[in-house]
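All residue numbers for the sequence shown refer to this note's numbering, where the first residue is 33 and numbers rise by one.
Virtual Cβ for every residue (Gly too), placed ideally from N, Cα, C.
The structure under discussion appears below in the form of structure tokens.
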Amino acid sequence: MTLIERPGGIRLRVARLDPDGIASSEPRLCVFLSGYTEFIEKNLESVGELTARGFSVLTLDWRGQGLSDRLLADRHKGHIDRMETHLGDLQAVLDGFAGFRDGTFTIVAHSMGAHLALRYCIDRPERVNRAVLIAPMLGVGRTGLPNWLARWLVEGLCLTPLAKSYIFGGAGYGPRRQKFEGNLLTHDQARFERLHRLMTQDPDLVLADPTFSWVRSALRSIEAVMAPAVLERARTPLLLAVAGQDTIVSNAAIEAAALRLPDAQILRLADAKHEILGELEPVRRAFWNAVDAFLDTVPTNS
């Protein structure tokens, strides 16, 4: 683990994990980008899948998440001013590591991270060989409000001191989130409980609900990437994994985006909730088999 300092003194926690037994001085490079609330330790199993396929993997805790510096006194609040701040952080992290600084690489990314990965692919197509976007945040799930009304409401609230407050109904981390029954993320109880053990062991890893500012940033960024003639600029070959039981992000938005992307495949996993990487083994096997076909990889433990 290392820390990279950004303007304003914000420190980002970054890890590079290399494959075992790879003698080549130029291993295949991969960037793993996590979703909202996530942290490096949560995704070590998935990173291990990538190193087993010969990738040297670079990953980070986004600012305001994990053990990167938080932005508010209440560490449980998910907060950001704009998604472009995360993109700037990503570029700074890439610039800090040989190979990633000036070479090309693969991206594997989840949810918010997949949204940011798609934006990076559109902006820097020469840098990314291929990208796997898992449940990408291209639209929000069930909010109970029309999208235009949700956007109007959030924009207005962010003009007030409520910008740094939890969204309506939001709260910090507590027993409700530790209950497996009825969770929106996975059918795999063992992986669900492992995640919460990690956070119990190190409470500084915990992140809970977002602020209105975070939601505004997400909605603005979604609107920007889904605008006319933007997705059509993507030249990177993409694999979009869709979780059939996802209620966090909009599958309809992912399907609509795929029709506009010049080189995109869709993997539909009917039995998965939002966190495909943390799902039961049949779902994970189907996912990694599709990834191997897409990236032309073979795991060393196969």
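Suppose contacts are defined by Cβ-Cβ distances below 8 Å. Is residue i in contact with residue j by that definition?
i           : j           : result
residue 148 : residue 100 : no
residue 51  : residue 83  : yes
residue 280 : residue 173 : yes
residue 330 : residue 85  : yes
residue 160 : residue 137 : yes
residue 273 : residue 237 : no
residue 220 : residue 76  : no
residue 266 : residue 227 : no
residue 165 : residue 271 : yes
residue 189 : residue 244 : yes
residue 143 : residue 68  : yes
residue 240 : residue 203 : yes
residue 262 : residue 154 : yes
residue 38  : residue 124 : yes
residue 97  : residue 116 : no
Classify residue i as buried or exposed, calling it buried when 16 or more other Cβ atoms lie within 10 Å of its own Cβ.
i           : result
residue 55  : Model confidence at residue 55 stands at a pLDDT of 47, short of 50, so the residue's coordinates are unreliable; what they give is reported in the following sentence. Residue 55 is exposed by the Cβ-count criterion.
residue 207 : exposed
residue 229 : exposed
residue 304 : buried
residue 192 : exposed
residue 231 : buried
residue 233 : exposed
residue 167 : buried
residue 317 : exposed
residue 181 : exposed
residue 295 : exposed
residue 299 : buried
residue 242 : buried
residue 146 : buried
residue 81  : buried
residue 323 : buried
residue 309 : buried
Alpha carbon to alpha carbon, how far is residue i from residue j?
i           : j           : result
residue 258 : residue 275 : 20 Å
residue 201 : residue 158 : 42 Å
residue 268 : residue 328 : 16 Å
residue 156 : residue 131 : 16 Å
residue 314 : residue 321 : 11 Å
residue 163 : residue 141 : 8 Å
residue 102 : residue 211 : 26 Å
residue 247 : residue 59  : 38 Å
residue 66  : residue 179 : 25 Å
residue 224 : residue 215 : 9 Å
residue 264 : residue 287 : 14 Å
residue 25  : residue 260 : Nothing about residue 25 can be read from this structure; the chain reaches only from 33 to 334.
residue 213 : residue 175 : 21 Å
Residue i and residue j look like a contact to me (Cβ under 8 Å); what is the Cβ gap, rounded to whole Å?
i           : j           : result
residue 74  : residue 198 : About 22 Å separates the two Cβ atoms, so there is no contact after all.
residue 289 : residue 170 : 5 Å
residue 139 : residue 63  : 5 Å
residue 88  : residue 61  : 6 Å
residue 133 : residue 126 : 6 Å
residue 217 : residue 306 : 5 Å
residue 326 : residue 297 : 7 Å
residue 95  : residue 42  : 5 Å
Do we get a CB-CB distance below 8 Å when we pair residue i with the residues of chain C?
i          : result
residue 86 : Protein chains in the displayed structure number just one, and chain C is not present.
(message) Runs of 4 residues minimum, wholly inside the region 48-113: which ones carry the alpha helix (DSSP H) assignment?
(response) 76-83
(request) Counting only runs of 3+ residues fully inside the region 157-231, write out the beta strand (DSSP E) ranges in chain order. (result) 160-166
(message) Threshold first: 3 residues or longer. Then list the beta strand (DSSP E) segments lying entirely within the region 273-322, N to C.
(response) 296-301
(message) Report the start-end ranges of each beta strand (DSSP E) in the region 233-279 that is 3 residues or longer and not cut off at the edges.
(response) 270-275
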